[in-house]
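Here is the structure we will look at.
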Amino acid sequence: MTTAVFNPFDPAFRANPYPYYDALRSNEPVHTTAFGMVVLTRYEDVSTTLKSADFSRDIEKYSTQASTPSRQNYRDQQRTRTKSILNLDPPDHTRLRRIV
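Encoded structure:
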């Protein structure tokens, strides 16, 4: 198995994703998908990214530079959805989380 076949929509992946995750962690811990999105597979990378103010959950803050059609399509789809607590950054996320 190689990381080149990583496809989260593949039935084989959905049935048992763990060999794919193992291969990614070993060979390509920061993987860019065919859709132009980045998948992080190591705990430290994920933890650092989630805590960093350099990254955002807010779709409106996504860069338009080097935008591929698939990225633009994703952003357009996300804009039509109601903002939820999951897509907010602090301090808005923190404020709403305290209320909930």
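For the sequence shown, counting from 1, position 81 maps to 1500 in the numbering used here; every step adds exactly one.
The beta-carbon is built from N, C-alpha and C at its ideal position, and this holds for glycine as well.
- Go ahead and label L1443 buried or exposed: buried means 16 or more other beta carbons lie within 10 angstroms of its beta carbon, across all protein chains shown. buried
- Query: Along the chain, where does the beta strand (DSSP E) that runs through L1459 open and close?
  - Reply: V1457 to L1459
- Message: Between which residues of its own chain and R1516 is the CB-CB distance below 7 Å, once the five residues before and five after are set aside?
- Response: I1504
- Message: What I want to know is whether the C-beta of P1510 ends up closer than 8 Å to one or more non-hydrogen atoms of the ligand ADP.
- Response: Absence of the ligand ADP from the depicted structure is noted, as is the absence of any ligand whatsoever, leaving it without description.
- Message: Can you look up T1467 in the DSSP assignment and give me helix, strand or coil?
- Response: helix
- Message: Using the three-state DSSP reduction, which class does T1452 fall into: helix, strand or coil?
- Response: coil
- Task: Out of T1468, G1455 and P1510, point me to the one whose CA is closest to N1492's CA.
- Result: G1455
- Between which two residues does the alpha helix (DSSP H) harbouring R1517 extend? D1511 to I1518
- Message: Just to confirm my understanding: we take P1436, look at its own chain, exclude 5 residues before and 5 after, and list those with CB closer than 8 Å. What are they?
- Response: P1427
- Task: Within 10 angstroms of the Cβ of R1433, are there 16 or more other Cβ atoms? Answer buried if so, exposed if not.
- Result: exposed
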